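Have a look at the structure below before the remarks.
Protein chains: 2
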Amino acid sequence: MGGSQDELSAVFQALADPTRRAMLSRLRVGPATVGELAEPFAMSRPAISQHLGVLERAGLIERTATAQWRTCTLRTEPLDEASAWVEHHRGEWNERFDLLAEHLRTMKEDSP
Amino acid sequence: MGGSQDELSAVFQALADPTRRAMLSRLRVGPATVGELAEPFAMSRPAISQHLGVLERAGLIERTATAQWRTCTLRTEPLDEASAWVEHHRGEWNERFDLLAEHLRTMKEDSP
DNA sequence: CCTATGGTTAAGCAATTCATTAATTAAGGA
DNA sequence: TCCTTAATTAATGAATTGCTTAACCATAGG
Chain S
268 MGGSQDELSA VFQALADPTR RAMLSRLRVG PATVGELAEP FAMSRPAISQ
318 HLGVLERAGL IERTATAQWR TCTLRTEPLD EASAWVEHHR GEWNERFDLL
368 AEHLRTMKED SP
Chain C
268 MGGSQDELSA VFQALADPTR RAMLSRLRVG PATVGELAEP FAMSRPAISQ
318 HLGVLERAGL IERTATAQWR TCTLRTEPLD EASAWVEHHR GEWNERFDLL
368 AEHLRTMKED SP
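First to last, the sequence lines map onto chains S and C. Taken in order, the first sequence gives residues 268 to 379; the numbers are from the working numbering. Taken in order, the second sequence gives residues 268 to 379; the numbers are from the working numbering.
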């Protein structure tokens, strides 16, 4: 099996947890420190750190260090593969929708 | 706790395994018996049965019994929620794309 | 009834997941 | 230097996952 398969598994695995999904939702607004990400959750910091590790290993976030803070940034590329898989399995109508989506995506790539 | 009990988590968890994804891909072509689904995999029947249990609990398949065969059918509804989540987190351009998708979806619902 | 076929259930095991607390690293400020 | 803040690493433990083999259930057909 290719590494691409495992990548996709890692992404879906990362998304299979409400805490991690909430973290990604927060990061959609913009980058945040670990403390800011931890704030909504009644959970120890090491637990937060481990969740961020899962997200980072799946390629869904990036952690950059400035002083004693780690700023986390959302990375959406891995979601493209996940999206492609899901959309491809959503039935007959969606197959036609996929073609439109791909067309629009191509148009976007071709534009500045 | 290891298990997340909400529906969306169960769907992503079910998709986080290459064997289960391959099973769903096979079912996209049409219904299949457990034996037919098991055929591509070097894996015991109980293992197959357990994977199908995960898919069924996530709502992604339906198992109906006729004689001694269990026919499995793909159910795509749970993928809608997963798709919505993923699409919603795929960045700025995709937000605009979401609007288009929703518009098309509405048009589809309004048509016979 | 007996037996083969198609699947599931039960029990067990190694590996992983998700959480904890305690210790550690690293930077900033009095 | 000492102390606080920010976050990670280490060690631990309970629960879950993904697989196995052995036993079981249900149906079809001599």
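Glycine included, each C-beta is placed from N, C-alpha and C at the ideal position. Only a predicted model underlies this, so the values are computations on that prediction, with no experimental measurement involved.
- Residues of the segment 294 to 318 of chain S whose Cβ lies closer than 7 Å to any Cβ of chain C, in chain order: Arg-295.
- Using a C-beta cut-off of 8 Å, the segment 275 to 285 of chain S makes no contact with the segment 303 to 315 of chain S, since fewer than three inter-stretch Cβ pairs fall below that distance.
- The Cβ atoms of Ala-289 of chain S and Leu-322 of chain S lie no closer than 8 Å to each other.
- Listed in chain order, the non-local C-beta contacts of Arg-295 of chain S below 7 Å within the same chain comprise Leu-341, local neighbours out to five positions each way being set aside.
- Under DSSP, Leu-346 of chain C shares a beta bridge with no residue.
- For Leu-322 of chain S, no Cβ of chain C is located within less than 8 Å of the residue's own Cβ.
- Interface annotation, Arg-330 of chain S: not in contact with chain C, CB-CB separation never under 8 Å.
- When Cβ-Cβ separations below 8 Å define contact, Thr-343 of chain C makes contact with chain S.
- Contact annotation: Val-301 of chain C and Leu-319 of chain C have beta-carbon atoms nearer than 8 Å.
- Among the residues facing chain C, Gln-335 of chain S is not included, as its CB has no counterpart in that chain under 8 Å away.
- Taking 8 Å as the threshold, the shortest C-beta distance from Gly-326 of chain S to chain C does not fall below it.
- The shortest CA-to-CA distance from Pro-285 of chain S to any of S:His-356, S:Ala-351, S:Phe-308 is the one to S:Phe-308.
- Residue S:Arg-287 holds the alpha-carbon nearest to the alpha-carbon of Met-310 of chain S among S:Arg-287, S:Ser-292, S:Glu-329.
- As summarised for the segment 268 to 351 of chain C, the continuous alpha helix (DSSP H) elements at least 4 residues long and confined to that stretch are 274 to 282, 285 to 296, 301 to 305, 312 to 324, given in chain order.
- When C-alpha distances from Arg-337 of chain S are compared across S:Thr-343, S:Pro-345, S:Asp-273, S:Leu-304, the shortest belongs to S:Leu-304.
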